[in-house]
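Numbering (the working numbering), first residue to last: 120 to 330.
(1) Kindly give me the distance between the Cβ atoms of residue 314 and residue 172, rounded to whole angstroms, as I take these residues to be in contact under 8 Å.
(2) Identify which residue in 195, 288, 200 and 148 has its Cα closest to the Cα of residue 237.
(3) Just curious, the alpha helix (DSSP H) that residue 191 is in, first and last residue?
(4) Out of 305, 276, 309 and 215, which one is the CA nearest neighbour of residue 170?
(5) Do residue 243 and residue 205 have their beta-carbon atoms positioned less than 8 Å apart in this structure?
(6) Check for me: the alpha helix (DSSP H) holding residue 226 runs from which residue to which?
(7) Please go through the region 244 to 300 and give each complete alpha helix (DSSP H) segment of 4 or more residues, from N-terminal end onward.
(8) Apply the 10 Å Cβ neighbour rule to residue 194 and answer buried if 16 or more other Cβ atoms are within range, or exposed otherwise.
(9) Quick check on this structure: which residue in 223, 316, 164 and 186 has the alpha carbon closest to the alpha carbon of residue 143?
(10) For the structure I just gave you, are there three or more beta carbon pairs, one from the region 301 to 308 and one from the region 223 to 234, closer than 8 Å?
(11) If we call anything under 8 Å between Cβ atoms a contact, is residue 180 one with residue 131?
(12) Can you name the start and end residues of the alpha helix (DSSP H) that residue 175 belongs to?
(13) Can you say whether residue 298 is buried or exposed, counting buried as having 16 or more other CB atoms within 10 angstroms of its CB?
(14) Which residue from 133, 150 and 134 puts its Cα closest to that of residue 310?
(15) Measuring CB to CB, does residue 321 end up less than 8 Å from residue 138?
(16) Distance check for residue 133 and residue 176, CA to CA, integer angstroms please.
(17) Hey, how far is the Cα of residue 273 from the Cα of residue 279?
(18) Out of 239, 135, 269 and 156, point me to the one whose CA is closest to residue 249's CA.
(19) Mind checking residue 209: buried by the 16 CB within 10 Å criterion, or exposed?
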């Protein structure tokens, strides 16, 4: 039984990493078509995607003893919601200190804004990890171990996708530029959709996720 669980956990983790890398590749394709060429950073993005994908699938398995299609979709939607909630928190906590035009003209990551938002981002990440752990680990005796897995997942996702979201409240966004924010969230949701589908393709039959 223990050996069987180890094999299943390993398969989930491996599939999560592959699905994460695939979602990063899909992001590069979409970004190239609609925004700009980022193929020069493809390997780095795929490595980061693999790490995030592994973390999501690993924490999912730690929290949920009997995986199902519904539980997998809900678990991923929680992280989608996390980014939306982070954007709302950023708007509520911060006042704009720059404009969208200046941000676009800088043509690079908003490192100064990210640092300014970092304390709120860190507290938010910790709060999300606690909330998700409490939501799923009611029957777990090793709640601290579950929390560690979820915290690592939240941290990885924030590092890869959440930092740009965290600065929304620091940027004065005219109505004519709101599409850029919508575009950012659509990209996040598309990345996750690719991840979810690839993971299911790799695991639906052996793990009987669809039932």
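The C-beta atom is built at its ideal place from N, Cα and C for all residues, glycine as well.
Inspection of the coordinates gives the following:
(1) 6 Å
(2) 288
(3) 188 to 212
(4) Minimum Cα-Cα distance from residue 170 among the listed residues 305, 276, 309 and 215 corresponds to 276.
(5) yes
(6) Run containing residue 226: none; DSSP gives neither H nor E here.
(7) Taking 4 residues as the shortest admissible run, the region 244 to 300 contains the following complete alpha helix (DSSP H) segments, listed from N- to C-terminal end: 262 to 276 and 282 to 285.
(8) buried
(9) 164
(10) No, the region 301 to 308 does not touch the region 223 to 234.
(11) Going by C-beta atoms, residue 180 is nearer than 8 Å to residue 131.
(12) 161 to 182
(13) exposed
(14) 150
(15) yes
(16) 9 Å
(17) 10 Å
(18) 269
(19) buried
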